[in-house]
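Visitor: The following block contains the structure, expressed as C-alpha cells.
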Amino acid sequence: MTYIAKPKFHHPGLKKNELGYTHRDYEGKISTLCAGCGHDSITASIIEACYELSIEPHRVAKISGIGCSSKTPDYFLGNSHGFNSVHGRMPSVLTGANLANRDLIYLGVSGDGDSASIGFGQFAHSIRRGVNMTYIVENNGVYGLTKGQFSATADRGSKSKKGVTNTDNAIDLVAIALQLGATFVARSFSGDKAQLVPLIAAAIGHKGASFIDVISPCIAFNNHAGSTKSFDYVREHNDAVNRLDVLVGRDPIAVDYAPGTVQVVEQHDGSKIALRKIDADYDPHDRLGAQTFLARHAAKGQIVTGLLYVDPDADDLHTHLNTVETPLNTLEADTLCPGSAALDKFNASLR
Amino acid sequence: MKPTDIAAPDYFHKVVDCQWACPAHTPVPEYIRLIAQGRYSDAYMINWKSNVFPGILGRTCDRPCEPACRRGRVEETPVAICRLKRVAADFKDDITHRLPKPSAKNGKRVAFVGGGPASLTVARDLAPLGYHCTVFDGDPEAGGMMRTQIPKFRLPNSVIDEETGYILNLGVEFKGGHRIESMKALLAEKYDAIFVGSGAPRGRELDIPGRKEAAAHVHIGIDWLSSVSFGHIDKIGKRVIVLGGGNTAMDCCRTARRLGGEDVKVVVRSGFEEMKASPWEKEDAIHEDIPIINFLVPVAFVHDNGKLTGVTFQKVKAEYDAKGRRNLVPSGEPDQTIECDDVLVAVGQENAFPWIEQDCGIEFDKWHMPKVDPKTFVSTNPKVFFGGDAAFGPKNIIWAVAQGHDAALSIHKLLSGEDITERPLPEVHVSSQKMGIHEWSYDNDISNDKRFKVPHRDKVIALKDIRTEVELGYDVKLALGEAERCLNCDVQTVFSTSLCIECDACVDICPMDCITFTENGEEADLRQYLKAPSLHPDQDLYVSSDLKTGRVMVKDEDVCLHCGLCAERCPTGAWDMQKYLIEMTQAGSACPTKSRSAA
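Structure (C-alpha cells):
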C-alpha cells in the first residue's frame, strides 16, 4: 500500500501512439495491492497492450468479480467503463453487457478463486457460449485476501507457506477452456511481459472467447520453496511453445527469421500475429493436440506457456444468436416496437 | 557494462546535479529540506560552511546549479535554488554563537591582497586554525567587487556588512584604504604565505574614433559603478547608451535609470540569446523599460567639439561556418547613429598586475596572467597563491569562493609541512531514510507546482532610490512552496542485487520509466534497450551485477524523481532510499572525521 499518488510527471521522451497518448494515459489509480504482487505486472501489461493497439479508452468495458485480481481494474484504464461485480459473477455481467452493446471491447478480469471456485460455472458457460471477450485469470493458486489458503488451481503436492501439503487435485483452467471450445487460449507469466503483452493484444483483436491464464505469484503467501506458483518455480519450469508479435495495421510483414519458424495468423480485425515457434512440433491450430500436449507436460511438472490454441475464423455469441449489427442498447422504440400491424403479421405467421 | 561502483564518491555526487554543478559543491537539497522544515538557521549554516556568503550569493549568484537542476528536465523551470538561499539568510536567527571562535594564534602570518570574496574565503578557513590573517584593500571597507560593483538595489550594504563581518570577527585583521603597490615590498615583510585575491579590476577600453574627444561623457562601466557605489557620482544624462551584453552592462543600465537616465538603451554586438548576461538580469533590465538592441557594433563616438552627441553603429548579422562557429559579418545596411548624452562601456574586464615586479619569482604567461596551478592555486613562487578573478580571469563570486577553499587548504598544508599536491578526499555520509513500511524521513510526494515568482518592489518606488532593494525575497509561504518543488536528488535509489526477485514491481510503478531489466551489453547498446529513450548520455546508467535470471537492472539516472516508489513497491527491500551527503574537504578537516550531519 502506497500513500502518495503516482507523480504526474512522465519521461519527457515517452513515445505517443496513434491517438497521441503515452502509456501513462492508460493508467488508473495507484495499486493498493501488496508490494511486488504479480497482478501489478499484469495491470502494466494490459496498459501496455492497450497503448500499443491505440485503443480509445472509452471503447473498453472492464468487468471483474471479487478478490485481489478483481481489484486491479481500478489500476488501469482509468477512463474506461468498469463494473466490479459480485464474487464469481463477472462472466454473466460481461455477457449481459456484451449482448446489450456489442461494439465495446470487453475485458473480463478474474482470479483463480473467482473463476475456478465460486464462479466456475459462470466461467464455463461464458466460454461455452463464445462471448466476444478477453477473459484474463490472474492465477496465484492461493486465497490472498484470507491469508493464504490453497485455491482450486493449487497443484496437488505443493506446499502452503505454513508447510501444509495440498491433497486436492488442481483445476487447470486452460485445459477446461480448450475443452469448452474457447477459440483463443493462452497461458503466460506475470514476470514475462515480453510474452504477456502481445498475448493480451492478440486476445483483444480476436473475435470470440479469448482466455488467458496468467500465473501471477502472490508475494505475501505463495512465493516460497514448495510452491508451484512462485517466481523461481515458474521460471524454472516455464516451457514456452512460441513467442508472438502483434502487428497492427495492414503493412506487409517483413520476417527475417529462418523459414518455417514463423507463422502469420491474420485476425478478424485485420491485425496480424507473427508466431515464432520455439517448439517446432507445436501446432496452435490443433485443439486436440494442444490438450494432449498440455496433459503430457503437466504430468512432468512443466508449465506450458504461449499461444496454445487459436481459431482465427471463429465467430461469437452474437453470430450464434443472429442479432442485428446495431448494438441493442441503441435501438430506438420504433425499431423495437414496430406496431400492431407488424405484430398481427407475426402472429398470423404462427397460426 | 560493469556493475556501477556506487561507493565511488563521485557517482552519487553527479546524481545531485545542482551540487555537482556548484563550484563550491553546496549540499543544495539538504538545505532546501531544512528550509521546508522552517530550520532557517541550520540551512544558513550549511550554506555558510560551503559558500561563505549565503545572503550575498542568494541575491547575486550566477546560479550554475539552476540549469543543472533535474526539475528543469521534467518540467519547464528548475527550482529557484538561489533565492531559497536568500530565504535561509533572511529568516535565520542570530547565528553568531554557531560561528567558529577566534582561536589561539599559531604564530604563522598570512597576507591577503584584496578584500573580496576569494581572500575572505581563504581568511575564513584559515583564521579559526590560528593563522594571523591580514587583509589589505585599497577601499575602506571589505567586500571587494561585491561592495563596489554590484548596485545596492540588488545587494544592500547591510548584507555585505553582516557577512564580511562574520569573517573579520574571527580575528582577521583588515587594513582598508591600504592598496598594495609592490609585491616585492610585501614579500619583504616575511609573511609565511601571501594570497592574491585582487580580482580583475580593469574595465576593457573601447578604442574607436571620438573616444578621446568625447571622454567627458564616456565612462568605463565598472569604474563608474564603483564611483556610484561610493557616492562620488549621483547623476547621469537623460539619454544613456550602455555598450556590452554582460551582467555589468545590466547593472550599468539599471543604475543609470536611477540616476536620471530616462532613455536608457543597451546596445550589444551579438544576438539576444548569445549575450553573456544571465537571463534573469536581462529580464530585470527589460522590466525597467530598458530596450536591448542587438547586432550593432559601435564604430565611432559622435561629438560636437568634444561634447558627446551619440554613437554610430555598424549593423551586423550572424553567420555560421562549417564548424558551427559564429561570425558577425556586416549586413550591408547603412550605419545607424543613436543619439545620447552619456555612454557606459561595459565590454569586459581585464586583469592587471602592475604592482607585481618581474623578479618576485612569480611567472606570467603570454596573456600576462600569473602561472597558477589549477588545483592548488600556487604560483611559481611557492609562498604566493592566487584565487578568484586574479587567478583565471573574470568569473563569478561562487568560483572565487570555491577557489578560496582550495587555496586555503594548500596554504594550511604548506604551513603544516605537508605536500600541497595531495588533496584529501571529501567526506561522504550515506544513510537509509526508511522510517516505516511506507514512510520516509523526507517528503517524497512530488509537488506539481510551477516555479514561484520572487515578489518585486513596485517599479515606480524602486526606480526612485538607488539604495532600495528591488527584490523583496520569498515570504515563508512562498519559500515553502518553492522548497517543496525540490526533488531531493540527494536521496539516492540504492539497489541490492542479492535481494531482488525480479518481480518487476519497480519497473511497473516508476513514473519516469527509469528502470529496465535486460540482458547486459555495452553502454551504447544498453542505452538502446531502455524502457524510455536515453535523452542525456552524460547522465549515468546505474547497472547492477548479474541477477538470478542472468539479466541486469539498469537505471537511467537522468529524470529520476527520487519519489521512492520503487522502494515502496519493492517486496524485498532490494531498493532503498539513502541520503548521500558529501562535504568537500576544507582547511582543517584534512582527515575525514565522524561528524553529525544536520538532518
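Chains as they are written, first to last, in my numbering: chain A, 1 to 351; chain B, 1 to 599. Beta carbons: idealized from backbone N, C-alpha and C, even for Gly.
Assuming Ile397 (chain B) contacts Leu57 (chain B) under a Cβ cut-off of 8 Å, what Cβ separation, rounded to an integer in Å, is found between them?
Guide: As a first step, residue 397 (chain B) must be located in the second sequence, where it is residue number 397. As a first step, residue 57 (chain B) must be located in the second sequence, where it is residue number 57. Between Leu57 (chain B) and Ile397 (chain B) the Cβ distance is about 6 Å, and since that is below 8 Å, they are a contact.
Visitor: With distances taken Cα to Cα, identify the nearest neighbour of Pro128 (chain B) among B:Asn247, B:Glu281, B:Tyr166, B:Asp504.
Guide: For this step, residue 128 (chain B) is matched to residue 128 along the second sequence. When only C-alpha atoms are compared, the closest one is B:Tyr166.
Visitor: Under the three-state reduction of DSSP, which class applies to Gln19 (chain B): helix, strand or coil?
Guide: Numbered from its first residue, the second sequence carries residue 19 (chain B) at position 19. Looking at Gln19 (chain B) - three-state DSSP - the assignment turns out to be helix.
Visitor: Can you give, in chain order, each stretch of the alpha helix (DSSP H) that sits fully within the stretch 110–137 of chain B and has at least 4 residues?
Guide: List check, alpha helix (DSSP H) in window: 117–126.
Visitor: Tell me whether Ser340 (chain A) sits in a helix, a strand or coil according to DSSP, three-state version.
Guide: The residue given as residue 340 (chain A) occupies position 340 in the first sequence. DSSP places Ser340 (chain A) in helix when its eight states are reduced to three.
Visitor: Would Leu14 (chain A) pass as an interface residue toward chain B - the criterion being a Cβ-Cβ separation below 7 Å?
Guide: As a working note, residue 14 (chain A) is residue 14 in the first sequence. Proximity of Leu14 (chain A) to chain B, defined by a Cβ-Cβ separation below 7 Å, is satisfied.
Visitor: Rank B:Arg258, B:Tyr31, B:Cys18 by C-alpha distance to the C-alpha of Thr468 (chain B) and give the top, closest one.
Guide: Mapped onto the second sequence, residue 468 (chain B) falls at position 468. When each option's Cα is compared against that of Thr468 (chain B), the closest is B:Arg258.
Visitor: Return the CA-CA distance between Pro601 (chain B) and Glu205 (chain B), expressed in angstroms with no decimal places.
Guide: Look at the range of chain B in this structure, 1 to 599, and you will see that residue 601 (chain B) is not part of it.
Visitor: Please work out which residues of its chain come closer than 8 Å, Cβ to Cβ, to Tyr320 (chain B), disregarding the five sequence neighbours upstream and downstream, and give them in chain order.
Guide: Position 320 of the second sequence, counting from 1, holds the residue named residue 320 (chain B). Arg326, Asn327.
Visitor: Which residues of chain B have a Cβ atom closer than 7 Å to the Cβ of Phe221 (chain A), listed in chain order?
Guide: Against the first sequence, residue 221 (chain A) aligns to sequence position 221. For a Cβ distance threshold of 7 Å, nothing in chain B lies close to Phe221 (chain A): the least Cβ distance comes to about 12 Å.
Visitor: Counting Cβ pairs closer than 8 Å, one from the stretch 319–338 of chain A and one from the stretch 141–152 of chain A, do we hit at least three?
Guide: Short answer: they don't touch.
Visitor: Do you know how far the Cα of Asn17 (chain A) is from the Cα of Ile446 (chain B)?
Guide: Taking the second sequence and counting its residues from 1, one reaches residue 446 (chain B) at position 446. Taking the first sequence and counting its residues from 1, one reaches residue 17 (chain A) at position 17. Going from the Cα of Ile446 (chain B) to the Cα of Asn17 (chain A) covers about 27 Å.
Visitor: Kindly provide the ranges of any alpha helix (DSSP H) runs that are 4 or more residues long and lie completely inside the stretch 512–541 of chain B, ordered along the chain.
Guide: 523–529
Visitor: Spell out whether any CB of chain A is found under 7 Å from the CB atom of Glu482 (chain B).
Guide: Position 482 of the second sequence, counted from the start, is the residue given in the question as residue 482 (chain B). It does not; no Cβ of chain A falls within 7 Å.
Visitor: Assuming Cys50 (chain A) contacts Leu77 (chain A) (C-beta within less than 8 Å), just tell me the rounded distance between them.
Guide: Sequence index remark: in the first sequence, residue 50 (chain A) carries index 50 (1-based). Sequence index remark: in the first sequence, residue 77 (chain A) carries index 77 (1-based). In this structure, Cys50 (chain A) and Leu77 (chain A) form a Cβ contact; the two beta carbons are roughly 6 Å apart against a cut-off of 8 Å.
Visitor: Pull up the DSSP beta-bridge partners for Arg187 (chain A), would you.
Guide: The sequence position of residue 187 (chain A) within the first sequence is 187, counting from 1. According to DSSP, Arg187 (chain A) bridges with A:Asp213, A:Gly306.
Visitor: Ordered along the chain, which non-local residues of its own chain (more than five positions away) have a Cβ less than 7 Å from that of Gly289 (chain A)?
Guide: As a first step, residue 289 (chain A) is located in the first sequence; it is residue number 289 there, counting from the start. Asp283, listed in sequence order.
Visitor: Taking the alpha-carbon of His405 (chain B) as reference, which of B:Phe377, B:Asp419, B:Val384 has the nearest alpha-carbon?
Guide: Here residue 405 (chain B) refers to the residue found at position 405 of the second sequence. Taking each of B:Phe377, B:Asp419, B:Val384 in turn and checking the Cα distance to His405 (chain B), the smallest one comes out for B:Phe377.
Visitor: Provide the residue span of the beta strand (DSSP E) that contains Gly38 (chain A), from first to last.
Guide: Sequence index remark: in the first sequence, residue 38 (chain A) carries index 38 (1-based). Where Gly38 (chain A) is concerned, there is no enclosing beta strand (DSSP E), although the alpha helix (DSSP H) it sits in stretches over 38–52.
Visitor: As an exercise, report each continuous beta strand (DSSP E) stretch of at least 3 residues that is fully enclosed by the stretch 156–220 of chain B, in chain order.
Guide: 173–176, 193–196, 218–220
Visitor: Are there 16 or more other CB atoms within 10 angstroms of the CB of Trp399 (chain B), so buried, or fewer, so exposed?
Guide: Looking up residue 399 (chain B) in the second sequence gives position 399. It counts as buried.
Visitor: How many angstroms separate the CA atom of Leu581 (chain B) from the CA atom of Leu425 (chain B)?
Guide: Translated into positions along the second sequence, residue 581 (chain B) becomes position 581. Translated into positions along the second sequence, residue 425 (chain B) becomes position 425. Looking at the two C-alpha atoms, the distance is approximately 14 Å.
Visitor: Which two residues bound the contiguous alpha helix (DSSP H) that contains Trp399 (chain B)?
Guide: In the second sequence, residue 399 (chain B) corresponds to position 399, counting from 1. Element bounds for Trp399 (chain B): 397–415.
Visitor: Among B:Glu427, B:Val329, B:Leu561, which has the Cα closest to the Cα of His13 (chain B)?
Guide: Translated into the one-based positions of the second sequence, residue 13 (chain B) becomes position 13. With distances taken between Cα atoms, His13 (chain B) lies closest to B:Glu427.
Visitor: Quick one: is Tyr26 (chain A) near chain B, going by C-beta distance under 7 Å?
Guide: Within the first sequence, numbered from 1, the residue matching residue 26 (chain A) stands at position 26. Cβ-Cβ to chain B under 7 Å: no for Tyr26 (chain A).
Visitor: Are at least three pairs of beta-carbons, each pair with one atom in the stretch 2–16 of chain B and one in the stretch 444–462 of chain B, less than 8 Å apart?
Guide: Look at the beta carbons and you see the stretch 2–16 of chain B not touching the stretch 444–462 of chain B: under three pairs across the two are nearer than 8 Å.
Visitor: On the premise that Ala390 (chain B) lies in contact with Gly246 (chain B), defined as a C-beta separation below 8 Å, what is that separation, rounded to the nearest angstrom?
Guide: Position 246 of the second sequence, counting from 1, holds the residue named residue 246 (chain B). Position 390 of the second sequence, counting from 1, holds the residue named residue 390 (chain B). Not quite, the Cβ-Cβ distance comes to about 19 Å (not below 8 Å), so this is no contact.
Visitor: What's the C-alpha gap between Ala80 (chain B) and Thr22 (chain A)?
Guide: Taking the first residue of the second sequence as position 1, residue 80 (chain B) is located at position 80. Taking the first residue of the first sequence as position 1, residue 22 (chain A) is located at position 22. The alpha-carbon atoms of Ala80 (chain B) and Thr22 (chain A) are separated by roughly 30 Å.
Visitor: First and last residue of the alpha helix (DSSP H) that includes Lys193 (chain A)?
Guide: Taking the first sequence and counting its residues from 1, one reaches residue 193 (chain A) at position 193. In the DSSP assignment, Lys193 (chain A) falls within the alpha helix (DSSP H) that extends over 193–205.
Visitor: With a cut-off of 7 Å, does the C-beta of Asp74 (chain A) fall near any C-beta of chain B?
Guide: Residue numbering aside, residue 74 (chain A) sits at position 74 when the first sequence is read from its first letter. Not an interface residue.
Visitor: Could you pull out every residue in the same chain whose Cβ sits closer than 7 Å to the Cβ of Cys510 (chain B), ignoring the five residues on either side in sequence?
Guide: Mapped onto the second sequence, residue 510 (chain B) falls at position 510. Leu565, Cys566, listed in sequence order.
Visitor: Taking 7 Å as the threshold (C-beta atoms), are Gly177 (chain B) and Ala142 (chain B) in contact?
Guide: Position 142 of the second sequence, counted from the first residue, corresponds to residue 142 (chain B). Position 177 of the second sequence, counted from the first residue, corresponds to residue 177 (chain B). Not a contact, by the Cβ cut-off of 7 Å.
Visitor: Assign Gln149 (chain A) to one of three DSSP states: helix, strand, or coil.
Guide: For the purposes of this step, residue 149 (chain A) is taken as residue 149 along the first sequence, with counting starting at 1. Three-state DSSP puts Gln149 (chain A) in a strand.
Visitor: May I ask you to report which of helix, strand or coil DSSP gives Trp48 (chain B)?
Guide: By one-based count along the second sequence, residue 48 (chain B) stands at place 48. Three-state result, Trp48 (chain B): helix.
Visitor: Give the DSSP-derived three-state secondary structure of Pro330 (chain B) in the structure shown.
Guide: Counted from its first residue, the second sequence places residue 330 (chain B) at position 330. Here Pro330 (chain B) sits in strand by DSSP.
Visitor: In whole angstroms, what separates the C-alpha of Ser271 (chain A) from that of Gly205 (chain A)?
Guide: The sequence position of residue 271 (chain A) within the first sequence is 271, counting from 1. The sequence position of residue 205 (chain A) within the first sequence is 205, counting from 1. Each residue's alpha carbon lies about 7 Å from the other.
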